[in-house]
Structures are given as C-alpha cells and as structure tokens.
C-alpha cells in the first residue's frame, strides 16, 4: 500500500534562520589596491604613466 502525504508549509522564519546559519560571513577586503594607467601600457614594453593607490 502506498500512502501520499503532502508537504507541509515552510515558515519564513525557519528559512531565514537556516540561511543565516549556513552562510559564511564575508570578511572585508584588506589591503585593496587600485591601479590607474594612462592607456599606453603594452606587453612589449614602453613608457607608461601608472598610479598605484592603497585606498587609505
């Protein structure tokens, strides 16, 4: 004999608690650097203006 039982409704708070428990917290990026070039950079070499900032 096969019995069918429908799924129960999932409460929103249960889902929110599950997501909060199972996700890993993101850590802020440390030592983020930004590079700016003047558009004339080439792989073969040549003069180029470069600015490197550390975000502080």
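Residue numbers (the numbering used here): 6 to 61. All residues carry an ideal CB built from backbone N, CA and C; glycine is no exception.
Proximity below 8 angstroms, CB of residue i to CB of residue j
{"i": "residue 39", "j": "residue 60", "result": "yes"}
Three-state secondary structure (DSSP) of residue i
{"i": "residue 6", "result": "coil"}
{"i": "residue 17", "result": "helix"}
In DSSP terms, what residue i is bridged to
{"i": "residue 41", "result": "56"}
Identity of the residue in the options nearest residue i by Cα
{"i": "residue 37", "options": "21, 11, 30, 57", "result": "57"}
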